[in-house]
């Protein structure tokens, strides 16, 4: 601090000075005021001390300013080097970050393309399932039509035979295959939806990586001479919801892992679909062959039965003709024997009118009686044989009617199995597996 001046006691001015003031300014009071200021003056040592203090102050300030300039120069140099190093290090870390982003972006893009290709393959397999399901409608219609046609068979051919058992087995097999195909279609639809959801997740992650890559690439290009840089004090902070490098990498890794899992599940499902279509096609082919074989065997049995019935009918018709001729002969013989009996009866009747002693039991009388008895026995035998022959003829006629009815039933069964069923089974698809590609 500067030393305070010493207070000098007041004393009257010399008269000469007062007189001069009054003579120059007779009405002025300045002389009195100036006399008051003259009371606070520095002594010479004080003046020297004060000058020395001012010199020291100037020297100190100059020295401090010089030291400050040196420190500022050093600080500027150090700050420039540090800022350059920090900027280069930030640029290096941004470059490394760009490499990491590029790596995950490439991996995600690869996974997206593979998952999209796998989804398309699975969609094609689903289309095969739908076509295979549509292809089972014709076989099922054929089987139901065969069963309904065979219901029009007449007794006793309306029987649960091997053909009907195989047809029922085929109908159950087709229903089971249709149910399996429907369940597999639902499973494929669900898997396609999962694939697309996971693909969308990967695409969102990929798009974020692309946007981030452009941002960081732009940041790498910034320099001190850039014209589009400015202060953003509010951005100098860490966001609360910001991820860590570990969680950032884990997020993309989880997306890729999930996509790989969905892709693997899709591949396994495609293989399962191939096996299902192949096995279903083989089962239908084998069952169709079994049904056709049963139809062939049954038609041969019907042909054999019809042939035997026709042979029996032919024999019965022959027997009927012979029996009718036999009846005609029997009736003719009866008529002839009745004529003989009439003659014998008439002879005996006329001889009964012989008079008196002439009514004799002579040899002609005994012979006529014997003839009548013999003719009566023959007539009774012939009549019994006629009745028996007529009954045989009636039985033959009934048998003929039964045989003709059986032949008609067999012909109807053959018509149903061969013309209605087997001809309709020609529409049966050749192969379900081939039909799934059409």
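In the working numbering, the protein residues as written are 3 to 440. C-beta atoms are modelled at their ideal positions from N, C-alpha and C, and glycine is treated no differently.
Option nearest residue i by Cα separation, candidates the options
i           : options               : result
residue 214 : 102, 327, 49 and 79   : 102
residue 390 : 410, 328, 380 and 345 : 328
residue 209 : 135, 177 and 111      : 111
residue 319 : 380, 137 and 400      : 400
residue 441 : 227, 409 and 204      : Shown here, the chain extends from 3 to 440; a query on residue 441 therefore has no answer.
residue 336 : 382, 371 and 294      : 382
residue 303 : 284, 241 and 409      : 409
residue 118 : 307, 251 and 199      : 199
residue 173 : 163, 162 and 142      : 142
residue 330 : 115, 388 and 191      : 388
residue 211 : 407, 150, 251 and 341 : 251
residue 125 : 191, 92, 234 and 76   : 191
residue 283 : 380, 138, 301 and 314 : 138
residue 343 : 49, 235, 97 and 379   : 379
residue 273 : 45, 120, 407 and 115  : 120
residue 258 : 356, 116, 67 and 150  : 116
residue 231 : 221, 239 and 66       : 221
Inter-residue spacing [alpha-carbon to alpha-carbon] between residue i and residue j
i           : j           : result
residue 79  : residue 89  : 15 Å
residue 15  : residue 72  : Note that residue 15 has pLDDT 49, beneath the 50 cutoff, so the model's placement of it is unreliable and no number is given.
residue 83  : residue 56  : 40 Å
residue 376 : residue 339 : 10 Å
residue 59  : residue 53  : 10 Å
residue 87  : residue 63  : 35 Å
residue 202 : residue 113 : 11 Å
residue 31  : residue 74  : Low local confidence applies: a pLDDT of 47 at residue 31 is under 50, so the model's placement there is unreliable, with the coordinate-based value given in what follows. Looking at the two C-alpha atoms, the distance is approximately 58 Å.
residue 37  : residue 43  : Since pLDDT at residue 37 reaches only 47, below the 50 mark, its modelled position is unreliable, and the value read off the structure follows with that caveat. Roughly 12 Å separates the two Cα atoms.
residue 189 : residue 177 : 18 Å
residue 405 : residue 185 : 53 Å
residue 95  : residue 261 : 30 Å
residue 226 : residue 271 : 58 Å
residue 441 : residue 393 : Since the displayed the chain opens at 3 and closes at 440, residue 441 lies outside it and no answer follows.
residue 23  : residue 51  : Only weak support exists for where residue 23 lies, its pLDDT of 44 falling under 50; the coordinates are left without a value.
residue 263 : residue 243 : 28 Å
residue 348 : residue 373 : 12 Å
residue 99  : residue 228 : 22 Å
residue 223 : residue 276 : 54 Å
residue 307 : residue 299 : 12 Å
residue 291 : residue 171 : 12 Å
residue 334 : residue 364 : 33 Å
residue 241 : residue 123 : 43 Å
residue 70  : residue 85  : 21 Å
residue 76  : residue 92  : 24 Å
residue 104 : residue 97  : 10 Å
residue 313 : residue 341 : 42 Å
residue 368 : residue 356 : 15 Å
residue 398 : residue 407 : 14 Å
residue 49  : residue 61  : 18 Å
Short Cβ contact (9 Å threshold) for residue i with residue j
i           : j           : result
residue 321 : residue 165 : no
residue 279 : residue 438 : yes
residue 106 : residue 219 : no
residue 395 : residue 326 : yes
residue 109 : residue 254 : yes
residue 297 : residue 386 : no
residue 169 : residue 293 : yes
residue 346 : residue 361 : no
residue 286 : residue 175 : yes
residue 384 : residue 311 : no
residue 423 : residue 152 : yes
residue 128 : residue 217 : no
residue 402 : residue 140 : no
Test: residue i CB closer than 9 Å to a CB of chain B
i           : result
residue 363 : In the displayed structure, chain B is absent; only one protein chain is listed.
If we count Cβ pairs, one from each stretch, closer than 8 Å, do we get three or more for the stretch 420 to 435 versus the stretch 349 to 358? Taking 8 Å as the limit for Cβ pairs, the verdict is that the stretch 349 to 358 does not touch the stretch 420 to 435.
Specify whether the stretch 234 to 253 and the stretch 139 to 148 touch according to this definition: at least 3 beta carbon pairs, one from each stretch, less than 8 Å apart.
Contact between the stretch 234 to 253 and the stretch 139 to 148 is absent, because fewer than three Cβ pairs lie under 8 Å.
>> Under 8 Å: do the stretch 156 to 165 and the stretch 410 to 428 share three or more Cβ pairs, one atom per stretch?
In response: Yes, they touch.
Item to check | Stretch-stretch touch, CB-based, cutoff 8 Å, three pairs: the stretch 192 to 204 with the stretch 129 to 144 | outcome: Counting Cβ pairs under 8 Å, fewer than three are found: no touch.
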